[in-house]
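Trainee: First the structure, which I've put down as structure tokens, then a few questions once you've had a look.
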Amino acid sequence: MAEADLDLCPRCGAEVAPRPANGAWPFCGDRCKWIDLGAWIEGDYRIPAGPDGSAEGEGEDGTSRGSMGRYGGGVAEG
Ligand SMILES: [Zn+2]
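So the sequence shown is numbered by our numbering: it starts at 1033 and just counts up by one.
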């Protein structure tokens, strides 16, 4: 087997030098490393804003509510 164990930069696709010699691994260089890191941080800090809260109360149309009320009211204490 050949010793071609070079990784490809996830940022630009260039060949990446092995880890010991490459401080920017797994990127090809510091530039790609920082570009990717910056994008990652931006995405991480960004708070996903929902549409208008329309996701709440969708699907259930009072059906489960009636059931819940029935069971909830029949709970014996003691
Ligand atoms: Zn690169």
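We treat Cβ as the ideally placed atom computed from N, Cα and C, and that holds for glycine.
Does ligand 1 have even one heavy atom less than 7 Å from the beta-carbon of Ala1046?
Mentor: Checking every heavy atom of ligand 1 against the Cβ of Ala1046, one is found closer than 7 Å.
Trainee: Between the Cα of Tyr1077 and the Cα atoms of Leu1069, Arg1063 and Pro1083, which residue gives the shortest distance?
Mentor: Ranking the options by Cα distance to Tyr1077, first place goes to Leu1069.
Trainee: Skipping 5 residues on each side, what residues in its chain have a beta carbon closer than 6 Å to that of Leu1038?
Mentor: Glu1047.
Trainee: At a cut-off of 7 Å, is Gly1070 close to ligand 1 when judged by its beta-carbon and the heavy atoms of the ligand?
Mentor: Incorrect: Gly1070 has no Cβ contact closer than 7 Å to ligand 1.
Trainee: Can Ile1078 be considered in contact with ligand 1, in the sense that its beta carbon sits closer than 7 Å to one or more heavy atoms?
Mentor: Just to set this straight, residue 1078 is Arg in the shown sequence, not Ile. Not so, every heavy atom of ligand 1 lies at least 7 Å from the Cβ.
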